[in-house]
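Protein chains in written order, with our numbering: chain U, -10 to 451; chain S, -10 to 451; chain X, -10 to 451. Each remark here refers to the structure printed beneath this line.
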């Protein structure tokens, strides 16, 4: 099969300057889900009808689909399919047509629809001209109603909400926005569809009644899940579609041994992977290509993006970890900010109000409060006191700091990079380190402390 | 029309020392919503029946309504309306009566109800004595049931849950707590309502059957939305009403071009305004008179109150911004704390664990980690290192700090206010600045660093 | 009555190495809720059938129940009850049998079921051999269907989903997993139940049809709430059960005078207690044995565990308070981290990016930004500046810091413990305090500040 994705729409109800289909759901453009579903269902030859700001759609879908430019749109889905005729006019098989704003259709549904068409041909000896994906909704308001020959799967016509009679409106079977057309039949019928009297647009659904009136076979095929029918026409629909996809992903991982608390509050991008016995607290965000190893516990509100979290790591509440690796057994948080290019070593502990950027933190290192570690290498077992800062920027350039194994950096010390502290060296609290400290040495830079009797009270009271 | 709001109730089921109607929904007292709905529907002459802790209701509604004090309450809504008779006894038109604990009634419903009464008079030639707002609930438990003459809109009586027969309990049309009375008819009938045998209270709903028995016309009028009927009798009802109002506000902005992720977790006060293409992540709180410009992205969990966020600003997760202005293109967060009286200039970057209070941060300034800036003016393009503190308080008074354009303040430096750093001056990391630094100068206050070979290891091991 | 809890299951669908019943709901193992419900219903003699990793179940339930080891399990609930026969074979009264994965059964339901059995005997003169807790579900998929003699409460049989005919599947009354057996009758019948043809397991529900066929009386008893029927077979069920229990607890406190905002996002452990007029913002977590006094307001996203929060305390958003006491009128947050062994005194203020551990903070103390206070005693009214750190660890041991009443500790100062600052003493900002400071004294340790004209600009530009 070939497939054609309709992605030319403006989405006026989105009130957006961007094409509707590039708006994102869980970090991926809406149309990405449609194309990804087709690919997962085994369809490689995919055309995408683009129009308004076509380049933005190209940016998200890349080179592996064929773009069909709708240059002079009269409007309507039928017009979009017509304008892409070069893509399918010589095709002797089936053409799937799917709306680019239908991100919830499942790969298994597309696979089953393909099988259905072929099985009807094989076992009933009937060539289906068009199979329409449908579903039953308890509230069908806003959807095209599917009118069928009673007691059969034969569709007579699809009626848009605004054109429906009261009886037709009561029909709960709706058009889910996915069609399998036998291309030669579509080619015969589609050019004859006239513009709508009401809107002047050419509706693809008009093909159905035309086909039926010529004795062609139009059948319904039931969606796996009623949510598949959701077409995203507004930003509110986008929010709903995102929630549906999110809960599908969460359910997937729950079935594979992950415990979720308040799953409805957890954000999980489609490319994230989770190990067994992982425990996810409420309000957690896992984005991008994050990988979470077995037995990890991620505390409430933590925000992890493109990170690798090793086995048995504990991420305490309200930690932000982006573009970093946290090795097995380490503890992060609460309120840690681990940034790009950082590796937190095994069993290391990064605590509250500590930021680490582009640094390698050795195993067993402790940096438990109020510190900034940037462009540093910290040897295993080192202890970084509260208030310690690596001054990695001098106003012009970034420089590196090396801290040896087992080294103790006293609180409120400042390490002015480039600088190196040897293994098992010791920086007294409050020091400013401007030169390298040899292995095992003690470094101090402190002014003598002076006392003035009675003067403190005087400063406070006078 | 005049309107009378019943706000004298104690709300015993709230277990509160405050009057029920001053409990807050999205930061506004419950009764504020009722009065605001009446005003939006064009009603200016509003009376409010107050009783228990009347001054607390006055505090929230101010001087633009008329207060009617219920001095010797016998109890019941009928008694409340009677006790306010001075407000409406000479009124020749309609009197709207609404419960102060019905915050979900929509302005359009009140407008439509007014029109309905006048249109029935004009087109049917019927003077309505009382129109009752009603709605259908799938579960009507707890609500007064509306018993009508079959096949008409004429109400025969309203039956409270506890007095209802099993047949009456099965009725799904309920009293939504808003009435339009033709005042002269109300004046005739209300004084004749006797106290309830069960409770001794005088119920306003008894007026309905009395009117009907005298051949007066009592009609139902359908609410726009079933949620309008919710009366807030418990704190749980308060939580539900808050959720309904919150989602109405979110839906309003969604329709105007704002993308919400997990909208059900977002807090949005009624006075907040949002620009087009704003993107709101989950768990965001926007309170008070916050204004958010176009294209702003607000990260998960951020908490913004009475702030102005300029076009294209990025607020990263878990930032708290209160009483501040963030100018276009600036970046804030994660974990920033921007406090009252602060202006963050264009394209400035305020980062993790940075607090700014009563300060003007120039455009392009960077203060990216662990700093406290209070009572300061920071010139454009200045760089504030990690751990920098402006010591604005000396134990008795607050003082100001001036930092020039393009100035570099090295990490862990302390600026003891009052103090001024000239443009393009440079404070070496770890310095304590006690005197002004001239333009272009370098300031350093550091003790010489001393090294003691082997002594570090000794401190760690012995 | 005696009760037998079936807790031997592996829970293969959990994909877990631990027994299913020790997985936690709101911090308590699932089986804890079952045993706790039985105890609250007045049942003291409780047996627990254990098998797979029995020691983990023992660890959570302790010594107050009797453990019955299922040594050679053939599988199935019937087999589990058989294998525990020593516990009930000589019992002349009723034996409650309940699944260990049914954590939502309510104590009142168990009490009512006990009464029901006795009342039927007393008033109808009928000895019930088995009473089965049932409920009606709108979607009964997956549950055992309860097939009754029409128009009576007599159960004929219980049919598992997979064995049910289409007519039986349409039955909406389901088995809720709690049985009251007259023990002598159970003893007579249970040994005759054969293994299932399909699975080889012995199902307890088979007892029902056997009893009925012998003329014994089997009755249904309706659950108080349909949620009670939820059996936890997957981690997804666990998430749902946690949500149900959570909202029950929240509703309980809401009815007692606590206001919840977005209650569906609030986490509340079963042992937490809340005072009147407490206000809980969204995303708040209250865990363990936390006690919250009257009038406390807890800001969005705050995380409180095993803490005591005194009357009128304000916890601002995103504060983490664990194992600490916050005394009346104090303010904490935003972004405070109050740790184990800390007492924050009355009206003290702990602000943003401040961590306090194992310290006693006196009343009225202010520590408002970026500080670390560990192993310290801070006298009343003291002021701790931004960036202040108590260096409580020297690489080998922890030491204590004493700060006197009304003392002022200037910003970025470092107090090297053990050290003591007298009352009303004053530490100049940026000082490193290595020796005790007498009462009323001023302590300074600062290098002289040196200026180099033009050199700052040179460092920035060259």
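In this text, a Cβ means the ideal position worked out from N, Cα and C, and glycines have one as well.
- Within chain S, the residues whose beta carbon sits less than 7 Å from that of residue 289/X are 274, 292, listed in sequence order.
- For residue 126/S, the closest of 211/S, 428/S, 309/S, 187/S by C-alpha to C-alpha distance is 211/S.
- Listed along chain U are 430, 431, each with a C-beta nearer than 7 Å to that of residue 441/S.
- Per the coordinates, the alpha-carbon of residue 425/S lies some 8 Å from the alpha-carbon of residue 411/S.
- The C-alpha of residue 300/S is placed about 8 Å away from the C-alpha of residue 264/S.
- With contacts defined by Cβ atoms closer than 8 Å, residue 83/X and residue 106/X form a contacting pair.
- Where residue 56/X is concerned, the enclosing beta strand (DSSP E) starts and stops at 55 to 58.
- Contact of residue 282/U with chain X is not assigned, every C-beta pair being separated by 8 Å or more.
- Sequence-distant partners of residue 409/S (beyond 5 residues in either direction) whose C-beta falls short of 6 Å from its own C-beta, in its chain, are 391, 425.
- Here residue 448/U carries a helix assignment [DSSP, helix/strand/coil].
- Restricted to the segment 343 to 372 of chain X, the beta strand (DSSP E) segments that are unbroken, complete and at least 3 residues in length are 355 to 363, 365 to 367, listed in chain order.
- The beta carbon of residue 291/U sits closer than 6 Å to the beta carbons of 273, 304, 308 from its chain, once the five residues preceding and following it are set aside; these are given in chain order.
- When the alpha-carbon of residue 128/X is set against those of 216/X, 336/X, -4/X, 59/X, the nearest one is in 216/X.
- The C-beta of residue 323/U has 16 or more other C-beta atoms within 10 Å across all chains shown, which makes the residue buried.
- In this structure residue 436/S is buried. Its beta-carbon is surrounded by 16 or more other beta-carbon atoms within 10 angstroms.
- Using a Cβ distance threshold of 8 Å, residue 289/X and residue 317/X do not count as a contacting pair.
- For residue 427/X, the closest Cβ of chain U is nearer than 8 Å.
- A distance below 8 Å separates the beta carbons of residue 257/S and residue 239/S.
- Contact between the segment 44 to 53 of chain X and the segment 10 to 17 of chain X is established, with three or more Cβ pairs separated by less than 8 Å.
- Per DSSP, residue 228/X lies in no beta strand (DSSP E) segment; the continuous alpha helix (DSSP H) that holds it begins and ends at 224 to 243.
- In the three-state DSSP reduction, residue 324/U falls in the coil class, being neither helix nor strand.
- Between residue 41/U and chain S, the shortest Cβ-Cβ separation is not below 8 Å.
- Among the CB atoms of chain U, none fall inside 8 Å of the CB of residue 175/X.
- Residue 271/S sits in coil when the DSSP states are folded into three classes, being neither helix nor strand.
- Residues of the segment 339 to 361 of chain S whose Cβ lies closer than 7 Å to any Cβ of chain U, in chain order: 341, 342, 358, 359.
- Apart from the 5 residues on each side of it in sequence, residue 41/S sits with its Cβ closer than 8 Å to the Cβ of -3, -2, -1, 8 in its chain, given in chain order.
- Less than 8 Å divides the Cβ of residue 398/U from the Cβ of residue 374/U.
- In the three-state scheme derived from DSSP, where H, G and I count as helix and E and B as strand, residue 69/U is classed as helix.
- Annotated three-state conformation of residue 192/S is coil, per DSSP.
- In the DSSP assignment, no residue is bridged to residue 127/U.
- In summary, no residue of the segment 112 to 142 of chain U has a CB separated from any CB of chain S by less than 9 Å.
- Per DSSP, reduced to three states, the secondary structure at residue 331/U is coil, with no helix or strand assignment.
- Under the 8 Å criterion on CB atoms, residue 438/U is classed as interfacial with respect to chain X.
- Beta-bridge analysis with DSSP links residue 18/S to 13/S.
- Per DSSP, residue 439/S is one residue of the beta strand (DSSP E) stretching across 439 to 441.
- Nearest Cα to residue 56/S within the set 74/S, 104/S, 164/S, 247/S: 74/S.
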